[in-house]
Amino acid sequence: MGVLSTQEQTLLKTQVKALASMATLGPQGEPHNSPLWFEWDGTYIKFSLTSTRQKFRNVQRDPRVALSIIDPNDSYHYLEIRGKVARIEDDTDTTFVNTLARKYLGTDAPENVLKEQRITVYVLPQRIFSVLAR
Numbered sequence: 402m403g404v405l406s407t408q409e410q411t412l413l414k415t416q417v418k419a420l421a422s423m424a425t426l427g428p429q430g431e432p433h434n435s436p437l438w439f440e441w442d443g444t445y446i447k448f449s450l451t452s453t454r455q456k457f458r459n460v461q462r463d464p465r466v467a468l469s470i471i472d473p474n475d476s477y478h479y480l481e482i483r484g485k486v487a488r489i490e491d492d493t494d495t496t497f498v499n500t501l502a503r504k505y506l507g508t509d510a511p512e513n514v515l516k517e518q519r520i521t522v523y524v525l526p527q528r529i530f531s532v533l534a535r
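Quick note on numbering: the sequence shown equals residues 402 to 535 in the numbering used here.
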């Protein structure tokens, strides 16, 4: 992956509350797409999932994903990212899901979210396409 432009980096920053729509491949190769909270750490785009969800089973079987991130303030600005899940870690102490909740909700994650076993998924971008101007 090349160097991100300033505009691309801005859309990935913590203070921007854009959602990432993550597409995975289901058991028969069918697309599975859902919006998710995310965090960019400068190398990986990270998500919090649960081990019981279809998207988790999908990325375990096939690590290829496609992401769309649309600027919440201007829908003509967006990123399309293709990459692979590089690693998966348990979030047993709920640190990461609470980090995401504070970004998107301004507070720790609700109890119902914390009851499920959380996992952190690290996606390594391999290709980024952006539309950042009209």
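C-beta atoms are modelled at their ideal positions from N, C-alpha and C, and glycine is treated no differently.
| Item | Value |
| --- | --- |
| Is residue 497 close to chain D? Criterion is C-beta to C-beta, closer than 8 Å. | Within the model displayed, chain D is absent; a lone protein chain is all it includes. |
| Residue range of the beta strand (DSSP E) that residue 519 falls in? | 519 to 532 |
| What is the DSSP secondary structure of residue 454, counted as helix, strand or coil? | coil |
| Would you mind listing the alpha helix (DSSP H) stretches within the segment 460 to 525 that are 4+ residues and don't spill past its ends, in chain order? | 496 to 506, 512 to 515 |
| Using only CA atoms, which one of 412, 405, 407 lies nearest to residue 477? | 412 |
| Taking three-plus beta-carbon pairs below 8 Å as touching, is the segment 494 to 501 in contact with the segment 447 to 464? | yes |
| Helix, strand or coil for residue 411, going by three-state DSSP, please let me know. | helix |
| Using the beta-carbon count (16 or more within 10 Å), is residue 492 buried or exposed? | buried |
| Output yes or no for whether 8 Å exceeds the beta carbon distance between residue 505 and residue 418. | yes |
| Which value, in whole angstroms, describes the spacing of the CA atoms of residue 410 and residue 455? | 29 Å |
| Which partner residues does residue 444 have in the DSSP bridge list? | Looking at the DSSP assignment, residue 444 forms no beta bridge with any residue, so it has no partner. |
| Could you compute how far the alpha carbon of residue 463 sits from the alpha carbon of residue 524? | 12 Å |
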